[in-house]
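For the sequence shown, position 11 matches number 14 in the numbering used here, and the numbering has no gaps at all.
Quick reminder that beta carbons are idealized off the backbone N, C-alpha and C, glycines included.
Since the model is a prediction, treat every value here as computed from it, not as a measurement.
Just below is one structure, and these are the notes that go with it.
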Amino acid sequence: MGKEFRPNWNIGSRADDGQMALDGGFVTLDDAGPLVPGQEKEAVIEPLLSEPWLHVAQGMELPMHAGARVIGSARVLEIVWA
Numbered sequence: 004m005g006k007e008f009r010p011n012w013n014i015g016s017r018a019d020d021g022q023m024a025l026d027g028g029f030v031t032l033d034d035a036g037p038l039v040p041g042q043e044k045e046a047v048i049e050p051l052l053s054e055p056w057l058h059v060a061q062g063m064e065l066p067m068h069a070g071a072r073v074i075g076s077a078r079v080l081e082i083v084w085a
C-alpha cells in the first residue's frame, strides 16, 4: 500500500462548532505485506495539510473513514513534523 490510499481521519472535534473533524491523510505501511481485517501494523499517516492536525497528540486513537463508515483506526505512536 503506497500513497494511493488516502482515507479520511477523525482527528477530533472542531473548536468552532464541536462537530467531528475529518481530514485526509495518506497511509503508508511499514512493510509490503497485505493488511487483513483485524490485523495490526505500523504505518505512517501523512496529512494533506498539517494545520488541522496540530492538536493531534501521541496516544490518540484516530478512526479511519471511507465516507461516513469507520473502516479502521490508528493509535498515534509518534509525531514528526517535517
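Exposed or buried, what is M67 when buried is set at 16 or more other beta-carbons lying within 10 Å of its beta-carbon? By 1-based counting over the sequence shown, the position of residue 67 is 64. Under this definition M67 is a buried residue.
Pick helix, strand or coil for P50, following the three-state DSSP scheme. Counting from 1 along the sequence shown, the entry for residue 50 is found at position 47. P50: strand per DSSP, three-state reduction.
Determine whether the beta carbon atoms of I82 and A60 lie at a separation below 9 angstroms. Walking along the sequence shown from the start, residue 82 turns up at place 79. Walking along the sequence shown from the start, residue 60 turns up at place 57. Yes; because the gap between Cβ atoms is below 9 angstroms, this pair is in contact.
Going by DSSP in three states, W56 sits in which element: helix, strand or coil? Residue mapping note: residue 56 aligns to position 53 of the sequence shown, counting from 1. In the structure shown, W56 sits in a helix (DSSP, three-state: H, G or I).
Classify D20 as helix, strand or coil using the three-state DSSP reduction. The residue given as residue 20 occupies position 17 in the sequence shown. Of the three classes helix, strand and coil, the one that applies to D20 here is coil, per DSSP.
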